[in-house]
Every structure is written in C-alpha cells, then in structure tokens.
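Right, one structure below, let's go through it.
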Amino acid sequence: MIVMGIESSCDETGVGIVEWNDDATTTLLADEVASSVDEHARYGGVVPEVASRAHLEAMVPTMQRARAAAGVDRPDAIAVTIGPGLAGALLVGVAAAKAYAAAWDVPLYAVNHLGGHVAVDTLEHGPMPACIALLVSGGHTHLLRVDDLGSPIVELGTTVDDAAGEAFDKVARLLGLGYPGGPALDAIAAQGDPTAIAFPRGMTGPRDARYDFSFSGVKTAVARFVEKCERAGDPVPVADVAASFQEAVADVLTRKAMRACEDTGVDTLVLGGGATANSRIRSLTEARCADAGVTLRIPKPRLCTDNGVMIATLGAHVIAGGAPPSALTVATDPGMSV
Ligand code: KG4
Ligand code: ZN
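Okay, here's the thing in structure tokens:
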C-alpha cells in the first residue's frame, strides 16, 4: 500500500510518499518540502497570509516532484493534515488532498499533525511501542501519551503561552541573532556558561500543572536582564545569556517529559519538532533517559521538522489500524487537540 501525505499546517509545504510493508514497517519513497521561512524572516515570525499564498504556489509542483521522485503516478491513499495549524494554510493542503483523492478515486484520511511528528520515527527505528512524546517546535510544545499510532493520542500537557521554539526565536531576536534564531542561539550558547544567570523554570512549582509548560516568564526575564545591562551601560554577555536561557528551557522540557514517563510507567520517549535539533535539549534528554532507564527515540533532524512524510507515515498506521476513510467534505480543524 502506497500512501501520499500532504502537510501545510504552518510554513512548510510538504508532500511525502511511503510504502506500508507487510511487517508493519514503512519505507520512504519521496520527501519533498518547499518552505516559505525566508519570506517570513523580515517580519520576525510566520505571517499566516504569506504562508497560505506560498502553499498555494508550492502545492502542485511539490506534489509533482514527490510523485516523480517516488516513481508513483497514483498512490493507494492520501493522508492530509487537518489540524492543528494556521486556518488558511491548512485549507490549501486539505483542498489539494480532496481534489486529488476525487480525481484519482482513492480514499482520503484526515490526520492530526502532532501524531505525524511521533509516527515519523517509525521510518528509522521501526514499530513504535507505547511511548511518551515531547514535541517542541516554533508552533507547538506538547507532551503526549501514545499507546498505538492507529488510535487517538492523549495529550498530557501543552504550553499555556509561547511554544518552546517561539521562545528561542524571540530571545534570539532580543539578542540580535536574526530569525528564526533558535539555531544561532544554540551555536552561541556553546561558548557561554549555562549556570551564569539563574533564569526562571516556568510552571515547575508544586501547585503548577504537572505536564504544562510556560515560556513567557523566562523570555521576559531575559528581556529584563538585557535592559538592565543596557541601562548600566554594560555589554550584554550574549553567550552566557543564551546558554543560561537554553539551560532553563531544556531543563523544564526534559524534567516534565521524564516525570510523564515515571508517572505512567511508559519507558520509551520520542522527541519531535524542529527545536529537538537543539544541542542541550538533546544532551539533557539523553542523560536523563539514561539515568531513568528510558529508551529515547529521536528522528533525524530532516524528519523532525514539518514534512509530508510524517503525515504519510501516520496515515499508513491509521489505515492499517482499520480506520474508515474521511468524507470528502471533511473540514480543517485549526485548533484541533489530540
Ligand atoms: O518544526 P519546525 O521546523 O517548524 C515550525 O515550528 O514551524 O521548528 C522550527 C523551530 C524554530 O522556532 C527554530 O528556531 C527552532 O525550531 N529550532 C531550534 C533549533 N533548531 C531549530 N531551537 C533551538 N535550537 C536549535 N538548534
Ligand atoms: Zn510540526
């Protein structure tokens, strides 16, 4: 069974094609992504209308490239992200998926973007046992419990304000590191002292929700620190600020992920989302998983960021799990929870 996945929830137009094998593994046949990130750079964040227009231009060519790369004229099924994401951006992918499903007379499967970030790991690391998933990107920060990829996922917690990657981008901007600044901040943090400044660990108090996150406090603390330096006429110790901020975010993310593993007794943790490229999030998660005897699974960076392959892979699992196809009238669900 060959499944095409279409992704357009944010600023990446992704079309992936996978083959579902009899041994419940999937093989990657094509992975085409067109990103509009450069068009958003001058605004310092994703502009929904710009993203929608970029999807509109990129969708059909990206689909054609994917079909050519896979040598597949017509897949057996189409999976598409219906949410969560930007309303206008999602509409483009869903409209394309419906049009092709109707034209090719193949079933359509509407899937959740977040599940895709988890499912994509099976491409490299094989079938997925029950796991806790920590998704961190510019658009989301979620702690999930996944018992089976073909079944609904349980959300344990999410951010109450900024997404983790968004906090990285905003702090990078404060430090004059450009957009999206996460990678630049990570690079400069390597030269700083992560213990130099004790930035707050949001929502880690005894009365806070066990699995929710908040990153606006640490972002504001960085802004106050920078202002204080500027008022005093002191140079901002950019590397120390970056390293200390990164440490605070990585600490909270991994602490809550480990807590979820411990509370549920689930001993596999999957990381996903673009911000898992962060060196400290990785190294701290690796260390804490090793201490706790938890198996850590991280897809390669190319598959951690938004793409169509993750949607195709999730779609393949949903189909194999026996779910009925979606109606061609299925609607987008920008605020979709899991
Ligand atoms: O999944 P992704 O590519 O897309 C969206 O969220 O749309 O994630 C991108 C996010 C950005 O916020 C970027 O700054 C962040 O991931 N990011 C990083 C690193 N690499 C990417 N944040 C911190 N450290 C990194 N090395
Ligand atoms: Zn994503």
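With full-length UniProt numbering, the residue at position 321 of the sequence shown is 321, and numbering never jumps.
The C-beta atom is built at its ideal place from N, Cα and C for all residues, glycine as well.
Between leucine 135 and leucine 156, the CB-CB gap reaches or exceeds 8 Å. In this structure, Val266 is the residue among Ile319, Ala290, Val266 with its C-alpha nearest to the C-alpha of alanine 133. Set against 7 Å, the gap from the CB of phenylalanine 199 to the closest heavy atom of the ligand KG4 is not smaller. In terms of Cβ geometry, leucine 253 and alanine 164 form a close pair [threshold 8 Å]. Counting C-beta pairs closer than 8 Å gives fewer than three between the region 177-186 and the region 218-237, which falls short of the contact rule. Between alanine 69 and glutamate 32, the gap from beta carbon to beta carbon is short of 8 Å.
For leucine 314, the closest of Pro206, Asp162, Thr122 by C-alpha to C-alpha distance is Thr122.
Only buried fits tyrosine 100, as 16 or more other CB atoms lie within 10 angstroms of its CB.
Counting C-beta pairs closer than 8 Å gives three or more between the region 279-294 and the region 242-261, which meets the contact rule. Short note on leucine 144: C-beta not closer than 7 Å to any heavy atom of the ligand KG4. Taking 7 Å as the cut-off, the C-beta of threonine 254 does not count as close to any heavy atom of the ligand KG4. Short of 6 Å from the beta carbon of aspartate 162, and not among the five residues preceding or following it, lie these beta carbons of its own chain, in chain order: Phe215, Ser216. By the criterion of a C-beta distance shorter than 6 Å, alanine 167 is surrounded in its chain by Phe215, Lys219, once the five residues flanking it on both sides are discounted. At a threshold of 7 Å, histidine 113 counts as near the ligand ZN, since its beta carbon sits closer than that to one of the ligand's heavy atoms. Taking a cut-off of 8 Å on C-beta distances, the region 32-47 does not touch the region 76-85, as fewer than three cross pairs fall below it. Rounded to the nearest whole angstrom, the CA to CA distance from threonine 141 to leucine 269 is 15 Å.
Relative to the ligand ZN, histidine 55 has its C-beta separated by 7 Å or more from all heavy atoms. Runs of the alpha helix (DSSP H) lying entirely within the region 176-225 and spanning at least 4 residues, in chain order: 182-189. Environment of the ligand ZN, chain-ordered: Ser137, Asp306, taking every residue with Cβ within less than 5 Å of a heavy atom. Cβ-Cβ distances below 6 Å link leucine 303 to Val120 in the same chain, with the five nearest sequence neighbours on each side left out; the list follows chain order.
Bridge partners of aspartate 31 according to DSSP: Gly16.
By the Cβ test, the region 88-107 is not in contact with the region 228-238, since fewer than three Cβ pairs between them sit closer than 8 Å.
In terms of side-chain proximity, the C-beta atom of glutamate 166 is found nearer than 7 Å to a non-hydrogen atom of the ligand KG4. Rounded to whole angstroms, the separation of the alpha carbons of serine 137 and glycine 83 is 15 Å. Not one heavy atom of the ligand KG4 falls within 7 Å of the beta-carbon of alanine 58. With a cutoff of 7 Å, glycine 182 counts as near the ligand KG4, since its C-beta is closer than that to a heavy atom of the ligand. Leaving aside the five residues that flank glutamine 246 on each side, the residues in its chain whose CB is nearer than 6 Å to its CB run, in chain order, Ala189, Arg280.
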